[in-house]
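*Asks:* Chains as they are written, first to last, in the numbering used here: chain X, 1 to 483; chain Z, 1001 to 1100; chain U, 2001 to 2501. Beta carbons: idealized from backbone N, C-alpha and C, even for Gly. Note that the coordinates shown come from a computational prediction; the quantities given were computed from them, not determined experimentally.
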Ligand SMILES: [Mg+2]
Ligand SMILES: [Zn+2]
């Protein structure tokens, strides 16, 4: 029989004993072997480990034990998720050779659910970037067009799913790092409510913004994966102490009567016309399915980018201080510890990471804190208030995920500000801690995928997934160019 | 902004962050960071005196754990990751300054 | 730099330590505020489940969290909050909603290259501590923070300067500390020592810390400045670190004060800086160069959430607080009818013998005499299990003249060792009260043996008489093998002299 391709179908077939986890995993390893040389989605393929894990799942099935809801589902893990005994690089030279002595909570939960980790995916170094060009191991290519970026920072995880190397993957989203590459690669990408998924074992970029979330080709697969990894973790103080939401079961409930607001600040200047067009088309589709569509203003969203590029680098400057050559990873020798620290960090970090560390150090430094970091925290309050007001009138908000479709390599990498502007639509939700997801909705004028973004209030995942399922059902074919 | 980030500012910040920059890098970063900060000028210019800061998106308080001993890591596994080790400890080059 | 000539010092106004310059004749006073870091006596570290245990093999009490491994996250230990509040309330602080911050600087003993500490919103604020001498020292704050690992310097002298390289052990990294920031209300090195003694007593009483300076579980930094006596404004201070004993603390304060007076008298300025005490050299030295002024870039720790202890929790902490040393001194002093600053009272509380003393006084023992025994004769093991009724009985026998002071001490020693009653011990030892006629007989015999001396005693000047009084008392004591009561001997001698005159 032909092997199932979605996580939902794979898990069902493996659980029923119709296919073996081993077959499924072998097929995906073969696809990686055949295709990843040109895509570079993976920093590391865990072929032996994956086969062993698949065999364990098959043994459980054979013994009549419950192999878990993700039985035999191959999963690709962003290489900033700690995996015990397996190199975890964050696509940085500074973590050269480091093998964490522990698993991230999500990695543990996936294994417990019967999923099989097939590899660690490429990213912008320490998740800082929007194109995966900032990787010490070379860029990942967009499977829809190898001349274009896959987006970032979770470019490897997005590309792995888009290329069929794995049905699902995990990424992390600090300012759009799941949703933007999902949009550019034409897959689903979800940033959950801050605190819904444990960050324990996610190498920190900006602690108050980072969230782990799924990539998939179907809305149902993201729901399945998110259910498996979400829920309280006593190892993460910022983990919400509430039961994980039920998502798979609500997907068919439709959007009848849901109030959806189109964010006016994210539909005008700076948004490519074809992208804005697709978003209006998506709004029409939701209306046709019974939702009420309106326009809503989130005025402080226009300050989001500035606030984000002060807050995230500030936290990063502190989070990345520990890479000092003392305990793990790279060391460049020098006569004194201070010189060794500096030589190591200078050699180990790439340009974008250095840029953000310096930006954040500056924003926190004596004399500048109030004007920059302090102000940015207040803007964060304004954004939260604006969203609160919007969610009094609407159940969900709708916007583009990214201002443009996938751009070409080198187009923006030397102009940090231009690159940062990619995140303008995704950043406000990170600042507010709310969930959001990108759903593919046809292609732009260049034939590259367009993602539309659904935004929901904190813990509004169930409603958000219902609307995503409705969009999925109404979406034009991925390759259909906008005209 | 009139008081634009200077080359000296960048040098000072690089020093605080334990990064070494060449002269050329100093110029590049001064330009690039200046551009980002110019963009942030809209935020810096806002009068937000009455707005409280939001440091964190969650309204959680008092997340505590019980004072119960948990397993430690195996020392060999820990030290195996280190660039230099001696006598069960991490070895570092001479430390010049006392702890601040 | 101009030498200032010899500096002399003498306490003035009782509790102030001053330095008088022979050059200018100006008198300077020292102003000291102490910052104390103490390790809390928890089972585990501040943010992880590793044991909080001194003396383990290097790098065995470590986990991803306290090693600061990428991806690890802190979770606050409830018992740290409990102990910190206990200490704070014992120091009369208010418990406030608090948050943790990161203090950013690079140092190899700090796994994350930032320290998690409370900065602008500490848990305990605005309290005080009363010293035994009656001085009230303000407490600005007592906040929670994490300890660092430990560097061992290899090669060279074994000290940081001149070491070839260093070795780092992270067992101590993440151990919970409370930093108690005292206000600059201390005016004398001895007061500084008394403050630490008092704080230690409170730490022990509350169970917050074992407060061992030798093991580093209690560490003291001293902010020292000087000003001319009468000046209202504070001078520029230096923070003195590396004070490993009370002796170092006293010496360092005095040295640093002299150094600063020297500077100021020669027209120079004191630079605000951190200095390290070198015990062997008996001097302070600058820490790092001034150009390396730190910029710690504090900001709220995003991996932790705010701490807001409920009113109920604080009330429960208050209800469980033990009686604290100052209150114990006051109670004992009142019962004994003496001033609470008296040494015997302070010592009784320090030795944890105040409840024994109170019980003995309650059982009818004379307060002053009970305290005298506690201060001088009970610095022995087992003293605390002395039967208070027996103790009272002993004191009563002594007051009644049935035992001399020397005999009473001997009986007391036996009481501690055997648990027997004082009358039984006195009987065993043959300490019969010498009746007056017996004593008079012995004294009359001695007077008869030494007519020359007796004549001089009766007719000589005060000085000569004083000497001869010693002569006669000595002879009596020799004749009675020390069992005569000194007061009674003097009384008989005086009566005989009056009769002779
Ligand atoms: Mg401190
Ligand atoms: Zn630990």
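Could you tell me whether the Cβ of residue 2302 of chain U comes closer than 9 Å to any Cβ of chain X?
*Replies:* yes
*Asks:* Taking 8 Å as the cut-off, does the CB of residue 2067 of chain U come closer than this to any heavy atom belonging to ligand 2?
*Replies:* yes
*Asks:* Determine the burial state of residue 2312 of chain U: buried for a count of at least 16 other Cβ atoms within 10 Å of its Cβ, exposed for fewer.
*Replies:* Classification of residue 2312 of chain U: exposed, given that the 10 Å Cβ count is below 16.
*Asks:* Could you name the residues of chain X that residue 1040 of chain Z contacts, counting a contact when the two beta carbons are closer than 7 Å?
*Replies:* 306, 309, 310, 372
*Asks:* Starting from the Cα of residue 518 of chain X, find the closest Cα among X:206, X:197, X:284, X:154 and give me that residue.
*Replies:* Only positions 1 to 483 of chain X appear in this structure, which leaves residue 518 of chain X out of reach.
*Asks:* Of all the residues that make up the region 1071–1089 of chain Z, which are near chain U by a beta-carbon distance shorter than 8 Å?
*Replies:* 1071, 1072, 1073, 1075, 1078, 1079, 1086, 1087, 1088, 1089
*Asks:* In chain X, which residues lie with their C-beta within 8 Å of the C-beta of residue 2074 of chain U?
*Replies:* 237
*Asks:* Reducing DSSP to helix, strand and coil, say where residue 2020 of chain U ends up.
*Replies:* strand
*Asks:* Would you report the Cα separation of residue 2285 of chain U and residue 1004 of chain Z, rounded to the nearest angstrom?
*Replies:* 39 Å
*Asks:* Could you tell me the alpha carbon to alpha carbon distance between residue 375 of chain X and residue 2192 of chain U, rounded to whole angstroms?
*Replies:* 43 Å
*Asks:* From residue 2363 of chain U to residue 2497 of chain U, what distance separates their C-alpha atoms?
*Replies:* Distance between the alpha carbons of residue 2363 of chain U and residue 2497 of chain U is about 40 Å.
*Asks:* Tell me whether residue 2061 of chain U, by its Cβ, gets closer than 8 Å to a heavy atom of ligand 2.
*Replies:* yes
*Asks:* Which stretch, first to last residue, makes up the beta strand (DSSP E) that contains residue 1089 of chain Z?
*Replies:* 1089–1093
*Asks:* So for residue 2456 of chain U, helix, strand or coil by DSSP?
*Replies:* Note: residue 2456 of chain U maps to helix in three-state DSSP.
*Asks:* Between the Cα of residue 2221 of chain U and the Cα atoms of U:2337, U:2256, U:2054, which residue gives the shortest distance?
*Replies:* U:2256
*Asks:* Please list, in chain order, all residues of the same chain as residue 2321 of chain U whose beta carbon is under 8 Å from its beta carbon, the five residues on each side excluded.
*Replies:* 2086, 2089, 2090, 2206
*Asks:* If we cut at 9 Å on Cβ distances, does residue 88 of chain X have a partner in chain U?
*Replies:* yes
*Asks:* Let me see if you follow: with CB-CB separation under 9 Å, is residue 2068 of chain U close to chain X or not?
*Replies:* yes
*Asks:* Suppose only complete runs of 3+ residues qualify. What are the beta strand (DSSP E) ranges in the region 66–93 of chain X, listed by chain order?
*Replies:* 74–78
*Asks:* Closest to residue 26 of chain X by CA distance: which of X:44, X:37, X:48, X:368 is it?
*Replies:* Minimum Cα distance to residue 26 of chain X is reached at X:48.
*Asks:* What residues in its chain sit with their C-beta under 6 Å from that of residue 2138 of chain U, if we drop five residues either side in the sequence?
*Replies:* 2128, 2183, 2185
*Asks:* Closer than 7 Å between beta carbons: that is the criterion. Which residues of the region 2088–2116 of chain U meet it against chain X?
*Replies:* Residues passing the 7 Å Cβ filter: 2102, 2104, 2106, 2108, 2111, 2112, 2113, 2114.
*Asks:* Within 10 angstroms of the Cβ of residue 442 of chain X, are there 16 or more other Cβ atoms? Answer buried if so, exposed if not.
*Replies:* buried
*Asks:* Is it the case that the Cβ atoms of residue 2021 of chain U and residue 2334 of chain U are separated by a distance below 9 Å?
*Replies:* no
*Asks:* Which of helix, strand or coil does DSSP assign to residue 2223 of chain U?
*Replies:* strand
*Asks:* Using only CA atoms, which one of U:2141, U:2209, U:2235, U:2050 lies nearest to residue 2272 of chain U?
*Replies:* The shortest C-alpha separation from residue 2272 of chain U is found at U:2235.
*Asks:* Taking residue 2305 of chain U as the query, report the chain X residues whose CB atoms sit under 9 Å from its CB, ordered along the chain.
*Replies:* 237, 238
*Asks:* Residue 100 of chain X touches chain U at which residues, Cβ-Cβ below 8 Å?
*Replies:* Within chain U, the residues near residue 100 of chain X are 2064, 2069, 2070, 2071.
*Asks:* So with CB distances below 7 Å, who are the chain U contacts of residue 1069 of chain Z?
*Replies:* 2043, 2044, 2049, 2051
*Asks:* Going along chain X in order, which residues have a C-beta closer than 8 Å to the C-beta of residue 2168 of chain U?
*Replies:* 326
*Asks:* Taking the alpha carbon of residue 2102 of chain U as the point to measure from, which residue in U:2113, U:2328, U:2194, U:2108 has its own alpha carbon closest?
*Replies:* U:2113
*Asks:* Could you tell me whether any Cβ in chain Z is nearer than 9 Å to the Cβ of residue 2524 of chain U?
*Replies:* Nothing about residue 2524 of chain U can be reported from this structure: the residues present for chain U run from 2001 to 2501 only.
*Asks:* On the three-state DSSP scale, how would you describe residue 413 of chain X?
*Replies:* Coil.
*Asks:* What did DSSP end up calling residue 2322 of chain U once you bin it into helix, strand or coil?
*Replies:* Under the three-state reduction of DSSP, residue 2322 of chain U is assigned to coil, being neither helix nor strand.
*Asks:* Say whether chain X places a C-beta atom closer than 9 Å to the C-beta of residue 1099 of chain Z.
*Replies:* Not one chain X Cβ lies under 9 Å of residue 1099 of chain Z.
*Asks:* Residue 2149 of chain U and residue 2111 of chain U - do their beta-carbons sit closer together than 9 Å?
*Replies:* yes
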